[in-house]
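A.B. asks: If you read the sequences in order, they're chains A and B.
In short: position in the first sequence from 1, add 29, done, that's our numbering.
In short: position in the second sequence from 1, add 70, done, that's our numbering.
All C-beta atoms, glycine included, are put in the ideal place defined by N, C-alpha and C.
Before I ask anything, let me first share the structure, which is written out below as structure tokens.
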Amino acid sequence: MEKNILQFLLNDKLIEIDFLKEDFLPSTTVLNYLRMQPGFMGTKEGCAEGDCGACTVVLAEVQNGELTYKTIDSCLLFLASIHGKQLITVEHLAEINDQKIKLHPVQQAMVEHHGSQCGYCTPGFVMSMFGMYKNAAETDNEELTDAMAGNLCRCTGYKPIAEAAQACCKNPKPDKFSLQQVEIVKRLTQIRKHQSTLEISAPKQIYLLPSRLDEALGFREKYPVAVTINGATDTAIRQNKTHEFLPNILDLSAVEDIKHQKEGSAFFSLGAGTTLEQFKQFVKANFPGLMPMLKVFASLQIRNVATIGGNLSTASPIGDLIPLFFALKAEVKLSSRTDNRMIPVEEYITGYRKTSLRHDEILEAVQIPKPEKGLVFFTEKVSTRRDLDISTVSSTLRLRLNTDNFVEEIAIIYGGMAAQVKRAVAAEKYLLGKQWCFEEAERASKLICEDFTPISDARSNAEYRVAAAKNLLLKLYLKSVDNNEGLSL
Amino acid sequence: MNRAANNITHESAVSHVTGKAVYVADMHVGEQMLTGKVVFSPYAHARIVSVDFTEALKVNGVVDILDFNRIPGINQLNPLVHDEPCLAVDKVNCIGQAILLIAAENEHAAIEAEKKIKISYDPLEPVLTIMQARENGTALAKTRKIETGNPEEGLLKADHILEGELKIGGQEHWYLETQSALSVPGENMEMMVYASSQNPSETQHVVSEVLGLQANQVVCEVKRMGGGFGGKETQANHVAAWSALLANASGRPVKIVLFRDDDQKFTGKRHPFEASYKLGFSKEGMIVSYILDLHADAGMATDLSMAILERALFHADSSYFIPNMRVTGTMWKTNLPSNTAFRGFGGPQGMVVIEHALDRVARFLGKDAAEIRYRNFYGLNDRNITHFGQLVENNRLFRLWDELIISSEYYKRRAEIRSFNQKHSFKKRGIALTPVKFGISFTTAFLNQAGALVNIYKDGTVLVNHGGTEMGQGLHTKIKQIAALEFGLPLEKINLSPTNTSKVPNTSPTAASSGTDLNGMAVKNAIDKVKIRLDSLAKHLLTDANTASGEVVYNDGLVFLSSNPDKTITFKELVINAHLSQISLSATGFYGTPGLHYDKEKGRGNPFHYFAFGMAVSDVEVDTLTGMSKILRADILHDAGQSINEDIDLGQVAGAFIQGVGWCTTETLRYNASGQLLNHSPDTYKIPGIGDVPNDFRVELLKNAPNSQTIRQSKAVGEPPFMLAFSVWLAIKDAVSAVANHSVEPDFALPANNETVLLSIEKLRISLKV
Ligand SMILES: Cc1cc2nc3c(=O)[nH]c(=O)nc-3n(C[C@H](O)[C@H](O)[C@H](O)COP(=O)(O)OP(=O)(O)OC[C@H]3O[C@@H](n4cnc5c(N)ncnc54)[C@H](O)[C@@H]3O)c2cc1C
Ligand code: FES
Ligand code: FES
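As structure tokens, this is what we get:
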């Protein structure tokens with residue numbers, strides 16, 4: 030009975046939802062839920078697909094006894110997934126006493142710097158800035174703009190918004206949320222203690238929110254038709270845009286056992302629930318040559334929830350992590366209630382949006398071999414807009430040279446050039462054993478056409494893809510020899 | 071100017087940041103409100119064979135479904151040229167033409183109903199490009215022309231002639247708030263429409279027409295828009311009319327909010343243009359003659375296309391004196407959604423061709439393009455008549471140049487770029503300086519009028535109504551400042567009411583950058599009228615035996631005579647006295663811009679009240695391996711006259727520039743062979759993000775630049791800075807051209823997206839190898 034009831038804090042108010050009694054689904058997006066509530070029209074819809082940030086909210090959750098604050102696009106967030114968390118909306122930032130409004134410092138800065146014109150994007154920006162304010166770690170200007178790459182504004186040209194963020198987020202002072210922190214931690218902990226796992230069987234939808242891996246695998250076996258989700262950033266779009274109805278959902282976002290990032294002697298092991306933002310930090314520390322891909326991956330709002338397991342499992346030709354995992358020769362751990370198996374990522378992806386996952390399995394973790402000495406990795410992504418855009422083409426290189434500068438090992442992987450992520454076999458074959466120099470890279474780049482016949486689509490024409498793909502190999506070469514012209518713009 | 075009142079923040083800023091600002095999508099009018107949904111044509115051109123919605127009507131929660139038979143009034147969305155049916159009858163002429171309207175208890179029911187509707191079509195061959203339209207001869211109207219001097223003879227006299235073509239892309243408005251309207255039926259067929267419209271009077275008019283009502287039975291109210299940019303000048307009428315039809319049929323309030331993808335797919339955009347030109351010039355780079363032929367894609371209906379074409383013709387000279395010139399323009403009908411107003415209104419498309427051509431001249435002569443531009447600027451005392459015969463008065467191009475060339479460090483940057491390019495093979499940098507001269511006024515002269523209603527209440531506070539709408543541009547803020555200054559009251563005493571057709575009737579759209587110019591004047595006119603009444607009372611109250619009467623002064627909430635500033639009464643006291651003396655505390659105001667005329671046939675006249683000027687220098691870096699580019703620095707100096715609110719004007723300049731950058735770089739409209747827009751969401755249609763803003767972005771207003779004959783000596787600032795983005799477009803071209811050391815003219819088009827840039831570079835590389 031209790032397992033049907035979703036509990037969370039909406040700002041400072043405890044909300045309990047019994048889906049047996051409501052006519053909306055557990056997978057209703059937080060945005061739509063908020064906009065059904067009186068007094069919560071501040072959160073706006075601009076696109077319903079995670080691309081504009083007008084719907085940005087902040088989720089606070091307890092981690093190691095403290096609150097962490099994450100900005101998230103509420104249009105892609107399933108309501109039932111926020112169990113045991115605090116949902117903070119724009120309405121809650123200012124304090125109102127005796128008809129007088131005391132704005133939060135981020136709001137005050139936006140007003141003073143003329144950060145709003147039509148105002149439609151403003152609540153989203155305010156929430157992104159509030160997120161930064163609460164995560165004072167982001168301090169330099171580049172990080173500030175990066176944290177707002179997920180918010181679009183068509184009026185201001187962003188200049189005043191950037192100035193507002195610089196003025197208020199660099200040295201945040203304790204705010205009303207700091208004062209309430211202890212109290213909120215207590216209330217959230219209580220919800221979790223009381224009920225950490227949900228098994229909602231609403232009339233129209235079964236929504237499962239396990240908190241442990243064994244429960245998750247049990248559910249997987251019991252509900253083999255359920256759609257497994259984690260960040261839901263890919264899945265929610267199906268619901269929002271093609272109005273696909275998902276009768277059974279297994280949501281892994283609360284499973285603690287798949288959120289680890291561990292370093293062993295020979296391997297790194299990353300839980301499938303590692304978020305893209307966590308993965309970014311991991312790559313920064315361990316594979317800096319692959320950072321260009323993470324720097325421009327979606328937006329902070331998306332990276333805060335999207336997971337590496339989700340990215341791999343989409344098996345999309347433009348899933349940006351897939352080429353990285355190919356290059357790293359990563360393996361996936363696929364687990365069912367009764368057993369588990371390890372297979373290379375290259376075998377996990379079997380076709381256009383197809384994987385070799387069985388109906389009783391989930392992707393539990395990704396295992397990355399620690400690189401042998403001399404192995405280097407580089408990657409480059411091309412997209413119409415640098416930030417928050419899907420790859421038109423991407424290219425990733427795994428390379429080991431011998432002491433005489435001859436190629437001993439090579440893998441060149443392309444995204445966006447075929448129905449699935451694919452290696453440039455002809456170019457690889459050509460380069461193996463050759464001297465690693467510009468001329469050879471250039472010759473190899475001409476072979477790209479042998480391996481790929483890309484298509485024209487909403488992002489680009491095939492002609493461009495071919496030209497860019499060839500050049501990307503040169504660009505990776507330049508990067509590998511530390512030529513600054515290889516740097517991403 | 072009262073400095074205290076200048077640079078106040080947007081009057082809705084606090085509402086914006088707290089999430090309290092209300093847009094149509096946020097409005098609730100009780101439990102009874104229905105959701106409206108529109109069934110759009112999926113075919114660009116087809117005969118409708120049959121329509122069957124009987125099953126859809128049975129869906130739980132569906133209240134009604136309307137087809138064209140259920141329109142009580144006229145089946146029309148265009149109030150002037152009747153060529154846009156409100157609901158399709160037997161034929162569809164574009165993807166996105168409305169066929170049916172669904173009213174349902176909730177969105178879910180509406181979506182279910184739509185799935186059950188069966189419409190069968192007999193597809194016809196669509197016309198989807200300007201080229202096809204020209205082959206089929208589907209001109210919307212006859213070709214427009216403006217000519218001066220003798221263009222053919224001019225070409226003969228020129229030392230050199232360059233010929234060329236340029237393709238100029240369209241642009242999606244991408245206002246953050248999609249098209250939306252809420253209609254609430256009243257007694258006796260009356261209809262209240264809450265719209266997100268730049269043109270409430272026309273919305274009222276269109277709604278009354280489709281409902282078969284008199285205008286005095288329909289009220290349209292606009293609180294604010296979440297961005298308009300021209301996209302809600304006519305096309306906001308559509309959703310309003312659809313919601314009103316459903317509200318009328320169901321007797322219940324109906325709200326329609328277009329889903330983002332639907333808005334992108336089915337509403338009009340900036341007109342794509344194709345240009346061919348011949349430019350004759352002297353060996354010094356002086357323009358001798360210019361012949362330009364423009365062709366534009368109107369889409370399926372007239373909408374505002376002819377006025378847009380006209381503005382393109384007016385701006386074909388950009389900022390340059392051209393002694394011999396002929397510009398012709400033709401609008402072509404295609405089977406795409408009707409294209410419409412968008413910031414700049416055809417001006418950008420007209421201007422960009424000559425900017426492009428001058429860039430070629432510079433390369434051809436081996437000279438700096440900025441200097442070629444400078445030489446050709448309109449003169450201060452001569453060489454100052456436009457091709458349509460208007461005198462370019464108060465030309466600020468030279469002032470802007472003198473200041474900007476120094477503040478932007480143009481020559482230093484150019485030299486640095488040259489040496490950067492010599493040292494780099496794969497990254498190239500480019501720089502460009504471009505000017506803007508933009509004519510202010512509706513070119514349809516009668517539209518240059520505005521009305522206002524000013525009410526003073528007994529507590530000494532003021533409510534201002536005017537015909538302009540607020541879409542983020544800060545119009546209401548400026549009006550508030552104007553009213554506060556005129557009454558000598560603090561800002562808190564002034565409130566602005568939503569724009570409402572029952573308060574101020576027969577208004578023009580808030581467009582053509584004219585919002586403050588026109589409405590500010592109308593508000594002032596209303597205030598002047600009340601003040602005349604108050605003045606005589608004040609004189610009576612303030613004059614005693616000792617004082618000679620003087621001017622009545624309103625300042626700081628006090629009223630006094632200039633001859634005796636020590637004897638004061640408060641504004642509130644004066645107002646109470648006036649009320650007790652049976653003096654009206656309310657007045658309407660009106661303004662019509664004087665002296666505007668234009669003869670379309672002759673191509674001669676004074677269509678503009680004045681010109682606004684601006685100038686920009688931008689430099690970019692291009693990755694010649696991928697075609698991606700980044701703006702490194704941009705310096706803008708813009709002429710906003712004596713700014714009423716500098717921060718708001720700076721916001722307009724930066725915003726317009728970045729919007730222009732989007733049009734010039736990443737914003738590409740891609741269609742498939744059946745006319746479907748492929749990139750119909752922000753996933754694939756890319757407007758600039760915060761990362762696209764120049765690392766170093768310097769925006770300034772020209773100081774000490776009052777404009778005569780306008781409200782508070784200010785200048786319109788909404789559209790002109792949009793075209794400053796040409797500096798970015800041409801800087802990219804400069805960088806591309808560096809690949810071949812500026813020896814070969816690169817292929818180029820607008821937008822200069824990665825694809826245009828890389829393919830152009832690849833061609834240069836091949837030509838170098840040959
Ligand atoms: C605005 C926006 C921008 C984006 N930008 C990028 C980008 O730059 N690059 C890019 O590559 N992608 C991008 N994406 C795509 C995508 O959302 C991400 O790739 C994301 O990583 C998916 O992770 P998720 O956890 O949210 O996935 P979900 O939506 O939760 O799941 C995606 C798929 O994986 C399956 N799945 C998830 N977890 C597991 C598991 N543990 N075991 C088995 N199956 C599982 C689900 O069944 C589903 O089929 C973007 C998406 C959006 C909305
Ligand atoms: S509505 Fe655009 S990101 Fe959510
Ligand atoms: S202020 Fe209008 S979209 Fe940002």
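Note down, in chain order, all residues in the region 404–422 of chain A with a beta-carbon under 9 Å from any beta-carbon belonging to chain B.
C.D. replies: From the region 404–422 of chain A, only E409, V411, S412, T413, R414, R415, D416, L417, D418, I419, T421 and V422 have a Cβ closer than 9 Å to chain B.
A.B. asks: Less than 7 Å separating the beta-carbons of V292 (chain B) and A265 (chain B)?
C.D. replies: yes
A.B. asks: Quick one: residues with CB closer than 6 Å to any heavy atom of ligand 2, in chain order, please.
C.D. replies: A:E74, A:G75, A:C76, A:A77, A:G79, A:D80, A:C81, A:G82, A:A83, A:C84, A:D102 and A:C104
A.B. asks: Does any residue of chain A bring its CB to less than 7 Å from the CB of F496 (chain B)?
C.D. replies: yes
A.B. asks: Go to H610 (chain B), then tell me how far its alpha helix (DSSP H) extends in each direction, as first and last residue.
C.D. replies: G585 to L612
A.B. asks: Would you mind sorting M65 (chain A) into buried or exposed? The rule is 16 or more other CB atoms within 10 Å of its CB.
C.D. replies: With a threshold of 16 other beta carbon atoms within 10 Å, M65 (chain A) falls short and is exposed.
A.B. asks: Which runs of the beta strand (DSSP E) spanning at least 3 residues fall entirely within the region 144–206 of chain B, listed in chain order?
C.D. replies: 168–174 and 188–193
A.B. asks: Look up Y481 (chain B) in the DSSP assignment and say whether it is helix, strand or coil.
C.D. replies: helix
A.B. asks: Between V155 (chain A) and chain B, is there a C-beta pair that is closer than 7 Å?
C.D. replies: yes
A.B. asks: What does R703 (chain B) touch in chain A if you count any residue whose Cβ is under 8 Å from its own?
C.D. replies: Within 8 Å Cβ-Cβ: nothing; R703 (chain B) doesn't reach chain A, min ~13 Å.
A.B. asks: Exposed or buried, what is H308 (chain B) when buried is set at 16 or more other beta-carbons lying within 10 Å of its beta-carbon?
C.D. replies: Answer is buried; the Cβ neighbour count reaches 16.
A.B. asks: For K188 (chain B), which residues in the same chain have their Cβ closer than 8 Å to its Cβ, ignoring the five residues on either side in sequence?
C.D. replies: S120, V121, D122, F123 and E125
A.B. asks: Quick one: is E171 (chain A) near chain B, going by C-beta distance under 7 Å?
C.D. replies: no
A.B. asks: Using only CA atoms, which one of B:V358, B:M356, B:L374 and B:E344 lies nearest to T304 (chain B)?
C.D. replies: Out of B:V358, B:M356, B:L374 and B:E344, B:L374 has the C-alpha closest to the C-alpha of T304 (chain B).
A.B. asks: Scan the region 486–498 of chain A for residues whose Cβ lies nearer than 8 Å to a Cβ of chain B and list them as they occur along the chain.
C.D. replies: If the cut-off is 8 Å between Cβ atoms, the region 486–498 of chain A has D486, A487, R488, S489, N490, E492, Y493, A496 and A497 near chain B.
A.B. asks: Which stretch, first to last residue, makes up the beta strand (DSSP E) that contains C81 (chain A)?
C.D. replies: No beta strand (DSSP E) holds C81 (chain A); DSSP gives it neither H nor E.
A.B. asks: Taking the beta carbon of K785 (chain B) as the centre, do at least 16 other beta carbons fall within 10 Å, making it buried, or is it exposed?
C.D. replies: buried
A.B. asks: Does the distance between the C-beta of N40 (chain A) and the nearest non-hydrogen atom of ligand 1 fall short of 6 Å?
C.D. replies: no
A.B. asks: Compare the C-alpha of L63 (chain A) against each of A:D47, A:G302 and A:L39 and name the closest.
C.D. replies: A:L39
A.B. asks: Grab the span of the alpha helix (DSSP H) containing K215 (chain A) for me, first residue to last.
C.D. replies: K205 to H223
A.B. asks: Please confirm whether K833 (chain B) and D817 (chain B) have their CB atoms less than 7 Å apart.
C.D. replies: Cβ atoms of K833 (chain B) and D817 (chain B): closer than 7 Å.
A.B. asks: Is DSSP giving R294 (chain B) helix, strand or coil here?
C.D. replies: coil
A.B. asks: Sort A:P201, A:A176 and A:L181 by Cα distance to H133 (chain A) and report the nearest one.
C.D. replies: A:P201
A.B. asks: Relative to the alpha-carbon of Y675 (chain B), which residue among B:N811, B:T456 and B:E101 has its alpha-carbon at the smallest distance?
C.D. replies: Per the sequence shown, residue 675 (chain B) should be read as Gly rather than Tyr. The candidate whose alpha carbon is nearest that of G675 (chain B) is B:T456.
A.B. asks: Going by alpha carbons, who is nearest to E514 (chain A) out of B:K493, B:P575 and B:F508?
C.D. replies: The closest CA to that of E514 (chain A), considering only B:K493, B:P575 and B:F508, is found on B:K493.
A.B. asks: For L404 (chain A) and S509 (chain A), I'd like the C-alpha separation in whole angstroms.
C.D. replies: 11 Å
A.B. asks: Could you check how far apart the C-beta atoms of A228 (chain B) and V358 (chain B) are, in whole angstroms? I think they sit under 8 Å.
C.D. replies: 4 Å
A.B. asks: Can you tell which of B:L450, B:E556 and B:T398 has the C-alpha that lies nearest to the C-alpha of T45 (chain B)?
C.D. replies: Absent from the model: residue 45 (chain B). The displayed extent of chain B is 71 to 840, so no value can be given.
A.B. asks: For L650 (chain B), is the classification buried or exposed, using 16 other Cβ atoms within 10 angstroms of its Cβ as the cut-off for buried?
C.D. replies: exposed
A.B. asks: Less than 6 Å between the CB of G392 (chain A) and some heavy atom of ligand 1, yes or no?
C.D. replies: Here residue 392 (chain A) is Leu; the residue named in the question, Gly, does not match the sequence. Under cutoff, so the answer is yes.
A.B. asks: Does any CB atom of chain A fall closer than 7 Å to the CB of T88 (chain B)?
C.D. replies: yes
A.B. asks: Between which two residues does the beta strand (DSSP E) carrying I391 (chain A) extend?
C.D. replies: I391 to P398
A.B. asks: Run down chain B in chain order and give the residues with a C-beta less than 7 Å from the C-beta of N500 (chain A).
C.D. replies: L695 and T696
A.B. asks: Please report the residue range of the beta strand (DSSP E) in which E562 (chain B) lies.
C.D. replies: That residue, E562 (chain B), is in no beta strand (DSSP E); it is neither H nor E in DSSP.
A.B. asks: Considering only the beta carbon of each residue, do S688 (chain B) and A822 (chain B) sit closer than 7 Å?
C.D. replies: no
A.B. asks: Is E832 (chain B) close to chain A, meaning its C-beta is less than 7 Å from at least one C-beta of that chain?
C.D. replies: yes
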